[in-house]
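Trainee: Numbering (this note's numbering), first residue to last: 51 to 130.
(1) Drop a sphere of 10 angstroms on the beta-carbon of residue 112, count the other beta-carbons inside from all chains shown, and report buried for 16 or more, exposed for fewer.
(2) Given a cut-off of 9 Å, decide if residue 114 and residue 122 are closer than it, judged by their beta-carbon atoms.
(3) Which same chain residues end up closer than 7 Å to residue 93 when comparing Cβ atoms and leaving out the 5 residues on each side of it in sequence?
(4) Which residues in the same chain as residue 131 place their Cβ atom closer than 7 Å to its Cβ, once the five residues preceding and following it in sequence are excluded?
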């Protein structure tokens, strides 16, 4: 039973002296939304409307980046 109590004590000490995480302001730079379809379509229109609302809420610039082609793979590759 002694090793178990030592382990428990070590876990409690580690939790007491853990590193505190400080909150950061988000987003710290412009938000970039990647749309996998061409400009002017329904998805692009919704993304731009959403970007406008996010810009008002977060008070940060929001950019809509259209990356059409290859069934969305170009946009997915850009994000990854």
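Ideal placement from N, C-alpha and C gives every residue a C-beta, glycine not left out.
Mentor: Reading off the structure:
(1) buried
(2) no
(3) 85 and 87
(4) An answer regarding residue 131 cannot be provided, because it is not within the stretch 51 to 130 covered by the chain.
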